[in-house]
Amino acid sequence: MKDTITDRVSHLTKEFLNAVKSIDYTSPVTKINVAVRELPSFSCRPNAGASPMPHHQTTIHLNCESMEVVDEAVRDYRSGLWSRRPVIEMTIPSAVDRSLVPDNTSHVMSLFTQYTPYQLRTGSWDAELKEKYAKHVFNEIDAYAPNFSLSVIGYEVLPPPDIERIFGLTGGNIFHGSMSLDQLYFTRPTSRYSNYTTPIKGLFLCGSGAHPGGGVTGAPGRLGALAALQG
1 MKDTITDRVS HLTKEFLNAV KSIDYTSPVT KINVAVRELP SFSCRPNAGA
51 SPMPHHQTTI HLNCESMEVV DEAVRDYRSG LWSRRPVIEM TIPSAVDRSL
101 VPDNTSHVMS LFTQYTPYQL RTGSWDAELK EKYAKHVFNE IDAYAPNFSL
151 SVIGYEVLPP PDIERIFGLT GGNIFHGSMS LDQLYFTRPT SRYSNYTTPI
201 KGLFLCGSGA HPGGGVTGAP GRLGALAALQ G
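Counting in the UniProt record's numbering, the sequence shown runs from 1 upward without gaps.
Pasting the structure below:
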């Protein structure tokens, strides 16, 4: 919404523009795409051969055994550092779709990692730092699946600035705005325009920046379409 309004429309009220500019688009997420030679073999559930097991076909969460662990990760982020124990969400698409890989053993996976600042306290997200962060995350996964790091063939690291640059998501925020309590329900994206409308005739909001926010639900699109039909 911020990009659409502030960069492309000039005849709106100062009140509305200020409301849009005040939306928090900060993102704590770094995405890592990984190719591996074999599936991660978790200490709690070792692999039984090369075939995917049921848990490989689900979303796997690591470093989130308690709220204390998550809280420590957030505190690091708020200090301008990446989390010493990042919360990791792992999915392995090739465990359910073998057409994604060229052979019967290798796999591709997605690592949704938190928390990483857009602007680090020291340094910037250059190639060296991205590699260092990837190795940090891989070491954390090794604590659960000891074969992981050795199985890595290649990887791509996308910190918030890269997500913003490549996909046009302000602040690198995949939810089109932070999902904090002050930006949910009747205040998403702003308190006056939480009903999917805008001051621009014919322009309705239907993305993750509208209620109920991010996630793969389709709800903002449906509700935005209903608002458009009602005029």
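All C-beta atoms, glycine included, are put in the ideal place defined by N, C-alpha and C.
Query raised in the report: When the Cα of residue 184 is compared with those of 159, 192, 199, 213, which residue comes out closest?
Result: Closest by alpha carbon: 213.
Query raised in the report: Under a three-way DSSP split, which group does residue 163 fall into?
Result: helix
Report task. Compute the Euclidean distance between the alpha carbons of residue 87 and residue 211, then round it to the nearest angstrom. Result -> C-alpha separation (whole angstroms): 25 Å.
Report task. Give me the Cα-Cα distance between residue 42 and residue 56, rounded to the nearest whole angstrom. Result -> 10 Å
Query raised in the report: What is the DSSP secondary structure of residue 43, counted as helix, strand or coil?
Result: coil
Query raised in the report: Less than 8 Å separating the beta-carbons of residue 39 and residue 5?
Result: Judged by beta-carbon spacing, residue 5 lies beyond the 8 Å limit of residue 39, meaning their Cβ atoms are not closer than that value.
**Report entry** Any beta strand (DSSP E) of 3 or more consecutive residues that is wholly inside the segment 68 to 148
**Finding:** 87 to 91, 107 to 114
**Report entry** Residue burial classification, residue 230 (beta-carbon count within 10 angstroms, cutoff 16)
**Finding:** Its Cβ having fewer than 16 others within 10 Å, residue 230 is exposed.
Query raised in the report: Quick one: any contact between the segment 60 to 74 and the segment 119 to 136, if contact means 3 or more CB pairs under 8 Å?
Result: no
Requested in this report: Quick one: using the 10 Å Cβ neighbour count with 16 as the cut-off for buried, is residue 33 buried or exposed?
Outcome: exposed
Query raised in the report: On the three-state DSSP scale, how would you describe residue 181?
Result: helix
Query raised in the report: Thinking C-beta only, is residue 106 closer than 8 Å to residue 141?
Result: No, the pair does not count as a contact, with Cβ atoms beyond the cut-off.
Requested in this report: Compare the C-alpha of residue 23 against each of 201, 199, 178 and name the closest.
Outcome: 178
Query raised in the report: Which two residues bound the contiguous alpha helix (DSSP H) that contains residue 229?
Result: Unbroken alpha helix (DSSP H) run through residue 229: 219 to 230.
**Report entry** Beta-carbon gap between residue 204 and residue 224 smaller than 8 Å
**Finding:** For residue 204 and residue 224, yes; Cβs fall inside 8 Å.
Query raised in the report: Straight-line CA distance for residue 233 to residue 48?
Result: It is not possible to answer for residue 233, since the shown part of the chain is limited to 1 through 231.
Query raised in the report: Going along the chain, which residues of its own chain have a beta-carbon closer than 6 Å to the beta-carbon of residue 64, five neighbours each way excluded?
Result: 70, 87
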